[in-house]
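Participant: Those letters in the sequence shown? Residues 2 to 148, by our numbering.
Note that the Cβ used here is the ideal one computed from N, Cα and C, for glycine as well.
Small disclaimer: the values here were computed from a predicted structure and weren't measured.
Sharing a structure here in structure tokens format.
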Amino acid sequence: MSERQRFDRPWPPGAMDPFQVMGHPVRRYLVELLAVYEAPAGELADMVCSAYEIGWPAVTRHLKILHRTGFVRVRNAWPNRYYRLDDTAITRLEDRVAELRRLWDDRRGSGYHVRGELPEARWPRPRSPERRADSNEIGRMGPGLQQ
Numbered sequence: 002m003s004e005r006q007r008f009d010r011p012w013p014p015g016a017m018d019p020f021q022v023m024g025h026p027v028r029r030y031l032v033e034l035l036a037v038y039e040a041p042a043g044e045l046a047d048m049v050c051s052a053y054e055i056g057w058p059a060v061t062r063h064l065k066i067l068h069r070t071g072f073v074r075v076r077n078a079w080p081n082r083y084y085r086l087d088d089t090a091i092t093r094l095e096d097r098v099a100e101l102r103r104l105w106d107d108r109r110g111s112g113y114h115v116r117g118e119l120p121e122a123r124w125p126r127p128r129s130p131e132r133r134a135d136s137n138e139i140g141r142m143g144p145g146l147q148q
């Protein structure tokens, strides 16, 4: 198997969480660009390089990650490689957000699970501008930040 064939194979499903894929600003920008239209690699690299001041090799690496995780599809039309957002990419993100929403709703129904004390006792009360910081707050704020 050649190096190109080995590298172009997709990763197994679930190898990279959609939040990890979208966790890098360059990959988010590429997904936003590809949500609008299909584009050749050179055009994408030019736009990303000017927006993030990175080189073509870094853009290529992010495109390969998006391709191997199934977020983008590649069409070879010599001399260009055209990238487009995969039809399932947004659905995968929505599914992951729905899972997070379900966890959030479960938490809201029963509150945070804290051993030994109520959640309110663990969080400092909001300080009004009229109230001076107490000694505990001064230690958290650092020197020079006291009022």
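Would you call the stretch 20-38 and the stretch 56-64 touching, i.e. three or more CB-CB distances under 8 Å?
Facilitator: Yes, since at least three Cβ pairs between the stretch 20-38 and the stretch 56-64 fall closer than 8 Å, the two stretches touch.
Participant: Using three-state DSSP, classify Met2 as helix, strand or coil.
Facilitator: For Met2, the pLDDT reaches just 45, beneath the cut-off of 50, and the residue's location in the model is therefore unreliable, leaving the point undetermined.
Participant: Indicate whether Tyr83 and Ala46 have their beta-carbon atoms separated by less than 8 Å.
Facilitator: For Tyr83 and Ala46, no; Cβs fall outside 8 Å.
Participant: Can you tell me which of the three DSSP states Pro19 falls into?
Facilitator: Pro19 falls in the helix class under three-state DSSP.
Participant: Any idea what DSSP makes of Pro130, helix, strand or coil?
Facilitator: Here Pro130 sits in coil by DSSP.
Participant: Between the C-alpha atoms of Val32 and Glu100, what's the straight-line distance to the nearest angstrom?
Facilitator: About 21 Å.
Participant: Starting from the C-beta of Met23, find all residues in its chain whose C-beta is less than 8 Å away, skip the five residues before and the five after it, and write them out in chain order.
Facilitator: Result list for Met23: Arg29, Val32 and Leu94, in chain order.
Participant: Measure the alpha-carbon distance for Asp162 versus Arg108 and round it to whole angstroms.
Facilitator: There is simply no residue 162 to check, as the chain begins at 2 and stops at 148 in what is shown.
Participant: Taking C-beta to C-beta, are Val49 and Val60 nearer than 8 Å?
Facilitator: A contact, by the Cβ cut-off of 8 Å.
Participant: Leaving out five residues before and five after Val98 in sequence, what residues of the same chain have Cβ atoms less than 6 Å from its Cβ?
Facilitator: Nothing listed; no residue qualifies.
Participant: By alpha-carbon positions, which one of Pro127, Pro130, Phe20 and Glu131 ends up nearest to Thr1?
Facilitator: Because the chain in this structure spans residues 2 to 148, residue 1 falls outside the shown range and cannot be described.
Participant: According to DSSP, which residues form a beta bridge with Leu86?
Facilitator: Answer by DSSP bridge pairing, in chain order: Val73.
Participant: State the CB to CB distance for the pair Val75 and Leu86, rounded to an integer number of angstroms; the pair is presumed to be in contact (CB under 8 Å).
Facilitator: Rounded, the Cβ-Cβ distance is 11 Å, inconsistent with contact.
Participant: Give the secondary structure of Pro26 by DSSP, where H, G and I count as helix, E and B as strand, and everything else as coil.
Facilitator: Note: Pro26 maps to helix in three-state DSSP.
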